[in-house]
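Chemist: Sequences listed follow chains G and V, in order.
Take the first sequence: its position 13, counted from the start at 1, is 10 in the numbering used here, and no numbers get skipped.
Count along the second sequence from 1, then add 41; that gives the number in the numbering used here.
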Amino acid sequence: MHVRELELDLDAFEGPFDLLLTLVLREELEPRDVDVADVVVTFVERLVEQERLDLDACGEFLVLVGALLELKARELFPEEQVELADLDPEEAAEELARRLEEFRRIKEAAGWLLQRLEAENDRYFRLGPAPLVPRAELRIAPQQPEALAAALRGLAAEPPAVSLAHMGLRFPPVVQFLERFRALLRRRRRFDFEQEAAGLSRLEQAVAFLALLELRRSGEISIEQAGPFAPIRVSAGAGLRSGSGSVSREGSQSTPEEGDSSWNVRSA
Amino acid sequence: MERPLRLISTNSAASAFGEAEGAPGKLGDELAHTLEALLVVASQPLSAEDLAVAADDDLARVEQALELLGERFSEGRSGIVLEHVAGGYAFRASRAAATACARMFERPVERGLSQAALETLSVIAYLGPCSRPDVARIRGVAADSVVAGLVERGLISESGRDEGGAVRYRTTPLFERVFGLESLSALPRLDDLGGTADEIRDRLEALAERRPA
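Shown next as structure tokens:
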């Protein structure tokens, strides 16, 4: 009798025993799905059919089915395997006893709870959320109304008036500087812009610089500067006076009323 | 003026109550009435401390008044019974009225608790707060769905996490109420339950000795 050729007819598998083992080892069949008892029963039935006891077959079967059981047990209790692997048999037996004892007690406790439940079965009581929520207790420090009033007074004070003085700033007319620079160039061939603008206010300096650019555009002057922030040197240009007309034309574009000395930021 | 308490005039607790306070019985009556009112509105047990705060009265007086109420509202004397349960006081129906109550009301919390649920409940009641892996380790099978069911019934609730990050559970006041326990300490000692454990141990040890070393 060949154990490996033992024909099996299980729920999860149908075929020879060695194919079953092969599939389990290849993890194509879950050991947990294999009913080992069914395998044993099939083998014993086959054994009974034999005329004499086949000890070799029995030995081989025991080894194989033992391996199968071990695989199944390992899969069913993976954690136990890790936890108990390091224990020697004595310790493992002790641990097992401890756990059985623990479980036994819990089972007894569950039994007690069940009895209790049956004994208390006739106690009816109201269940559900509280219909009224207890009033929340206010937990704030003692208050000082005077301090609050003082704080509010500070906030209620009228803010300082915003100055609108800068809105009415009057620009000196560009023409004033045009005339001034032309007069200067009639006396001297060249001058330093910084020197001429030294005594002026910031605003006047800006307008003076605008005048300088106007003169440069009409070709009345030429400007040199060695580098950024270096002194600006102004000298009389080639086409002196030729651009005076164009200056006034340019001026009429930017200032609607040429000659009006009072245009300001708003009109610009 | 010696005015006897209206509640139970012949009761020793009642006279002690009146004498201890040295106050007219009317005061005791008023306090008892207030406590009745608080308890009938509440849907869960109220502790003596809570009652004292709500009634704005002395804790010792409240406890005495509760004792009086306990005798007035007791099995056989009233359809309403005052019970000391889940760490507080609550009214419930008398056991005599249970059949009538059963015709009208369900008991959804404890209906159909399985053996697995009771075992899980035991583990959590005795060893809690503990996590699902803790329960699974003791019972030997996964506890996830059982634990979820108990949470749904309101018998257990989450109570923080363990070092591994697993949610821990503990039993709720509702558990104590359903099982009629004053507190968890009213559970029998676990040591008294596992009486046959030594037997198991002896059998296992005997087996170990028989096996060749």
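By construction, the Cβ of each residue, glycine as well, lies at the ideal position given by its N, Cα and C atoms.
In the DSSP output, what is V:S172 paired with across the bridge?
Modeler: In the DSSP output, where bridge partners are listed per residue, V:S172 has V:R209.
Chemist: Could you have a look at G:G240 and say whether DSSP puts it in helix, strand or coil?
Modeler: In this predicted model, G:G240 has a pLDDT of only 42, less than 50, meaning its place in the structure is not dependable enough to derive any value.
Chemist: Give, in chain order, every unbroken run of the alpha helix (DSSP H) that is at least 4 residues long and sits entirely within the stretch 17 to 86 of chain G.
Modeler: Segments of the alpha helix (DSSP H) lying fully in the stretch 17 to 86 of chain G: 33 to 46, 52 to 73, 75 to 82.
Chemist: Take G:D6 as the anchor and find which of G:R23, G:L22, G:V33 has the nearest alpha-carbon.
Modeler: Selected option, being the one with the closest Cα: G:V33.
Chemist: Where do the N-terminal and C-terminal ends of the beta strand (DSSP E) with G:P13 fall, by residue?
Modeler: Note, G:P13: beta strand (DSSP E), 11 to 13.
Chemist: Hey, would you say G:D30 sits closer than 7 angstroms to G:A64, going by beta carbons?
Modeler: Cβ atoms of G:D30 and G:A64: not closer than 7 angstroms.
Chemist: Taking the Cβ atom as the reference point for each residue, do V:G128 and V:S224 lie within a distance shorter than 7 angstroms?
Modeler: Their beta carbons are under 7 angstroms apart, which means V:G128 touches V:S224 by this criterion.
Chemist: Does any residue of chain G bring its CB to less than 7 angstroms from the CB of V:G206?
Modeler: No, V:G206 does not count as interfacial toward chain G.
Chemist: Spatial neighbours of G:D15 within its chain, please: CB distance less than 6 angstroms, with the 5 preceding and 5 following residues excluded, ordered by chain position.
Modeler: Cβ within range, chain order: R1.
Chemist: Is there at least one Cβ from chain V nearer than 7 angstroms to G:L73's Cβ?
Modeler: It does not; no Cβ of chain V falls within 7 angstroms.
Chemist: Which term fits G:P157, buried or exposed, when burial requires 16 or more other beta carbons within 10 angstroms of its beta carbon?
Modeler: G:P157 comes out exposed.
Chemist: Indicate the three-state DSSP secondary structure (helix, strand or coil) for G:D189 in the structure shown.
Modeler: Of the three classes helix, strand and coil, the one that applies to G:D189 here is strand, per DSSP.
Chemist: Contact criterion: CB-CB distance below 7 angstroms. Does G:R102 meet it with respect to chain V?
Modeler: Yes, G:R102 lies at the interface with chain V (some Cβ there is under 7 angstroms from its Cβ).
Chemist: Cβ atoms of G:A107 and V:L272: under 7 angstroms apart, would you say?
Modeler: The requested residue 272 of chain V does not occur in the structure, where chain V is confined to residues 42 to 254.
Chemist: For a contact defined as C-beta to C-beta under 7 angstroms, what are the partners of V:V164 on chain G?
Modeler: Those within 7 angstroms of V:V164 in chain G are I103.
Chemist: Taking G:D30 as the query, report the chain V residues whose CB atoms sit under 7 angstroms from its CB, ordered along the chain.
Modeler: Residues of chain V passing the Cβ test: none, with the nearest at roughly 18 angstroms.
Chemist: From V:A61 to V:E193, what does the alpha carbon distance come to, in whole angstroms?
Modeler: Any reading at V:A61 is ruled out, since the residue's pLDDT is 43, under 50, leaving its predicted position unreliable.
Chemist: Touching or not, the stretch 97 to 108 of chain V and the stretch 147 to 156 of chain V, by the rule of three or more beta carbon pairs under 8 angstroms?
Modeler: No: the two stretches stay apart, fewer than three of their Cβ pairs being nearer than 8 angstroms.
Chemist: Kindly indicate the opening and closing residues of the alpha helix (DSSP H) around V:G190.
Modeler: Taken as a continuous stretch (DSSP letters only), the alpha helix (DSSP H) holding V:G190 covers 185 to 194.
Chemist: Is the stretch 134 to 144 of chain V close to the stretch 81 to 95 of chain V, with three or more CB pairs under 8 angstroms?
Modeler: With the cut-off at 8 angstroms, the stretch 134 to 144 of chain V and the stretch 81 to 95 of chain V do not touch.
Chemist: Let's test the definition: count the other Cβ atoms within 10 Å of the Cβ of G:P28 and tell me whether it reaches 16, buried, or not, exposed.
Modeler: With 16 or more other Cβ atoms within 10 Å, it is buried.
Chemist: Buried or exposed: where does V:G169 fall if 16 or more other Cβ atoms within 10 Å of its Cβ makes it buried?
Modeler: Buried is the call here.
Chemist: Once you ignore the five residues that flank G:L20 on each side, which residues in its own chain have a CB closer than 8 angstroms to its CB?
Modeler: For G:L20, where only same-chain residues beyond five positions count, the Cβ hits under 8 angstroms are F10, L26.
Chemist: In chain order, what are the residue ranges of uninterrupted alpha helix (DSSP H) at least 4 long that sit wholly in the stretch 90 to 152 of chain V?
Modeler: Listed in chain order, the complete alpha helix (DSSP H) runs (minimum 4 residues) inside the stretch 90 to 152 of chain V are 100 to 113, 139 to 145.
Chemist: Counting only C-beta atoms, is G:E99 closer than 7 angstroms to chain V at any point?
Modeler: Cβ-Cβ to chain V under 7 angstroms: yes for G:E99.
Chemist: By the three-class DSSP mapping on this structure, what secondary structure does G:I103 have?
Modeler: DSSP places G:I103 in helix when its eight states are reduced to three.
Chemist: Taking Cβ to Cβ, would you say V:A207 is nearer than 7 angstroms to V:S163?
Modeler: No.
Chemist: Does the separation of the CB atoms of G:R120 and V:S84 fall below 7 angstroms?
Modeler: No, Cβ-Cβ distance for G:R120 and V:S84 is not below 7 angstroms.
Chemist: When the distance is taken between beta carbons, is V:I179 closer than 7 angstroms to G:E280?
Modeler: Chain G is shown only over -2 to 265; residue 280 of chain G falls outside these bounds and no answer can be derived.
Chemist: Which residues in the same chain as G:A148 place their Cβ atom closer than 8 angstroms to its Cβ, once the five residues preceding and following it in sequence are excluded?
Modeler: Taken in chain order, the list of residues that qualify is empty.
Chemist: At a Cβ threshold of 7 angstroms, is V:P65 touching chain G?
Modeler: Residue placement at V:P65 cannot be trusted, given a pLDDT of 43 that sits under 50; what the coordinates show is reported in the next sentence. Closer than 7 angstroms: no.
Chemist: How about G:S232 and G:S219: are their beta carbons less than 7 angstroms apart?
Modeler: Contact: yes.
Chemist: State buried or exposed for G:L17, treating a residue as buried only when at least 16 other CB atoms are found within 10 Å of its CB.
Modeler: Label assigned to G:L17: buried.
Chemist: Should V:E124 and V:R118 be called a contact, given that it needs their Cβ atoms to be closer than 7 angstroms?
Modeler: Not a contact, by the Cβ cut-off of 7 angstroms.
Chemist: Since V:R209 contacts V:R202 with CB under 8 angstroms, what's their CB separation in whole angstroms?
Modeler: Between V:R202 and V:R209 the Cβ distance is about 6 angstroms, and since that is below 8 angstroms, they are a contact.
Chemist: Establish whether the CB of V:L107 and some CB of chain G are separated by less than 7 angstroms.
Modeler: Cβ-Cβ to chain G under 7 angstroms: no for V:L107.
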